[in-house]
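Each residue of the sequence shown is one higher than the one before, starting from 373 at the first, in the working numbering. Backbone N, C-alpha and C fix where the C-beta goes; we use that ideal spot for every residue, glycine too. Predicted model only: the values in this text are computed from it and were never measured. The block underneath contains the structure these notes are about, expressed in structure tokens.
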Amino acid sequence: MLTAETIDRITHFDSHGLPVVSVYMEIPVDVKDRAAVHGKAVSLLQRLEPLAEGDTLDHDAQQSVRGDIRRIGEAVTEERLTPGGMAFFSCSGADLYEEIALPRAVPDRVMVDETPWVRPMLAVLDEYLRAGIVIVDRADAQLWELYQDELAEDARLTDRKLRTTSLSAAAGWRGWREPEIQRKGNELAKKHFRHVVDVLQDRADDHRYDVLMVGGHAEQIPGFLDHLPRELRERVIGTFVVDPDTVDRGVIRSEAGRLLERYQRDRERQRVAEVLERAAEHKPAAIGVPECLWAGSMAAVQTLLVQDGAVVPGVACDNCGWLGLAGEACPVCSSRLRQTPDVLDDLVQAVIEESGTVEHVVADTPLTEHVAIASLRFPVPPEPERTTSG
Ligand SMILES: [Zn+2]
Numbered sequence: 373m374l375t376a377e378t379i380d381r382i383t384h385f386d387s388h389g390l391p392v393v394s395v396y397m398e399i400p401v402d403v404k405d406r407a408a409v410h411g412k413a414v415s416l417l418q419r420l421e422p423l424a425e426g427d428t429l430d431h432d433a434q435q436s437v438r439g440d441i442r443r444i445g446e447a448v449t450e451e452r453l454t455p456g457g458m459a460f461f462s463c464s465g466a467d468l469y470e471e472i473a474l475p476r477a478v479p480d481r482v483m484v485d486e487t488p489w490v491r492p493m494l495a496v497l498d499e500y501l502r503a504g505i506v507i508v509d510r511a512d513a514q515l516w517e518l519y520q521d522e523l524a525e526d527a528r529l530t531d532r533k534l535r536t537t538s539l540s541a542a543a544g545w546r547g548w549r550e551p552e553i554q555r556k557g558n559e560l561a562k563k564h565f566r567h568v569v570d571v572l573q574d575r576a577d578d579h580r581y582d583v584l585m586v587g588g589h590a591e592q593i594p595g596f597l598d599h600l601p602r603e604l605r606e607r608v609i610g611t612f613v614v615d616p617d618t619v620d621r622g623v624i625r626s627e628a629g630r631l632l633e634r635y636q637r638d639r640e641r642q643r644v645a646e647v648l649e650r651a652a653e654h655k656p657a658a659i660g661v662p663e664c665l666w667a668g669s670m671a672a673v674q675t676l677l678v679q680d681g682a683v684v685p686g687v688a689c690d691n692c693g694w695l696g697l698a699g700e701a702c703p704v705c706s707s708r709l710r711q712t713p714d715v716l717d718d719l720v721q722a723v724i725e726e727s728g729t730v731e732h733v734v735a736d737t738p739l740t741e742h743v744a745i746a747s748l749r750f751p752v753p754p755e756p757e758r759t760t761s762g
């Protein structure tokens with residue numbers, strides 16, 4: 373599983389100027405299709421041959437790239453590829469080798485840069501919320517957890533209920549009438565609901581779930597929702613109707629996946645709208661890649677929204693942190709700029725470094741036109757004339 377520590381280790385890696393090879397690959401779920409993976413890897417790695425053989429790199433850098441090609445090439449022939457996506461980061465000259473299983477497929481890509489290309493990996497990670505799922509019935513409840521497409525059973529809660537046999541016995545022995553039996557049944561159901569809520573509250577206190585979903589019989593869901601305290605109620609992103617007695621893992625996964633997908637796309641649209649609104653109200657905001665790069669250079673970005681899958685070549689100053697689209701020398705400190713195949717990757721890392729947040733937007737929003745927008749912590753001064761020649 374992809375953790376914050378792993379990402380931290382990779383993003384803080386210092387190659388001391390040596391090239392880092394980053395490879396992303398889709399690994400098919402069907403084992404029969406896996407045979408093609410090796411061929412794909414070979415052709416991706418072949419694109420690096422000119423670097424490893426030509427004279428664009430110095431001797432040490434060439435040696436390092438050759439080592440990376442060999443190591444990644446070997447890794448894909450081994451049997452430990454997990455379905456979904458794989459990311460490989462290698463810089464053999466500076467002792468970096470990481471292979472990361474990603475919970476979903478990513479487009480096949482290879483990138484050589486002085487820093488590991490982490491953005492596709494970050495995009496995958498911010499897709500995933502930890503979701504709690506409750507399948508509730510009058511006396512039973514199933515708790516499930518969905519994270520990174522993995523569905524795990526968390527707990528099963530069973531409480532006392534009136535059985536048909538005990539109903540007639542109770543009616544016979546205590547002389548209960550129908551309404552009393554019903555009332556007793558409802559009382560037990562309420563008690564059960566309170567039990568489930570207590571368990572959910574414990575999970576919430578431990579920050580186990582970001583969001584909640586509730587499934588069950590249509591007539592029981594509203595009653596259960598009424599028992600949730602406000603704090604938990606606000607985390608419920610949707611409900612679905614299933615028969616708790618017959619529902620299986622596959623149904624829970626697809627119902628929960630559908631609700632989560634809808635919730636995430638809605639949230640993305642809302643965030644894009646908020647930033648555009650800030651800009652319209654002349655509050656601190658950056659619209660478009662150049663403005664976002666400048667704001668990022670000033671450590672002013674609070675929340676950055678980037679179109680998922682977009683790649684923009686550019687330049688970065690490793691001395692002062694200035695980011696731009698082109699140039700030879702830094703307009704701020706005059707240092708020599710590093711050319712980068714994806715300057716958005718540098719921007720994302722800079723924002724995270726300054727404790728800002730980054731969201732990769734998959735939904736179709738006006739962001740497809742702007743590529744990057746941001747809400748800022750403070751207004752930034754206009755950018756000095758951008759240098760395009762050295
Ligand atoms: Zn600089």
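Item: Excluding the 5 residues flanking T729 on each side, which residues of the same chain have their C-beta closer than 8 Å to its C-beta?; Value: Q674, T675, L676, V723
Item: Within the same chain, show all residues whose beta-carbon is closer than 8 Å to that of D432, passing over the 5 residues directly before and after it, in chain order.; Value: L390, G465
Item: Let me know if S669 comes out buried or exposed under the rule of 16 or more other beta-carbons within 10 Å of its beta-carbon.; Value: buried
Item: How many angstroms separate the CA atom of A424 from the CA atom of A459?; Value: 21 Å
Item: Could you check which residue in R566, E755, A746 has the C-alpha nearest to that of G696?; Value: E755
Item: Identify the residues that DSSP records as bridge partners of M585: which are they?; Value: I505, G610
Item: Is the segment 684 to 703 in contact with the segment 592 to 600, if contact means three or more CB pairs nearer than 8 Å?; Value: no
Item: If you follow the beta strand (DSSP E) that T729 is part of, which residue opens it and which one closes it?; Value: 729 to 733
Item: Suppose you measure from the CA of S745 to the CA of V647; what does that come to, to the nearest Å?; Value: First, the amino acid is wrong: residue 745 is Ile here, not Ser. Approximately 7 Å, taken between the alpha carbons.
Item: Following a CB-centred definition, is V774 positioned closer than 7 Å to any heavy atom of ligand 1?; Value: The question about residue 774 has no answer, for the chain in this structure spans 373 to 762.
Item: How would you write the range of the alpha helix (DSSP H) that F565 sits in, first residue to last?; Value: 550 to 577
Item: Compare the C-beta of V583 with all C-beta atoms of chain C and state if any pair is closer than 8 Å.; Value: Going by chain labels, chain C is absent from the structure shown, which holds only one protein chain.
Item: Look at the Cβ atom of R708, then the Cβ atom of A701, and state whether they are nearer than 8 Å.; Value: yes
Item: Can we count W666 as close to ligand 1, meaning its CB is less than 7 Å from some heavy atom?; Value: no
Item: CB L739 to CB R491, shorter than 8 Å?; Value: no
Item: Taking C-beta to C-beta, are L560 and R528 nearer than 8 Å?; Value: no
Item: If distances are taken between C-alpha atoms only, which option among A413, D512, D427 comes closest to M397?; Value: A413
Item: Could you pull the DSSP bridge partners for Y519 from this structure?; Value: E522
Item: Could you check the C-alpha separation between P662 and D620 for me, to the nearest Å?; Value: 50 Å
Item: By Cβ distance, which residues of its chain are closer than 6 Å to A358, with the 5 residues on each side in sequence left out?; Value: Only positions 373 to 762 of the chain appear in the structure, and residue 358 is not among them; the question remains open.
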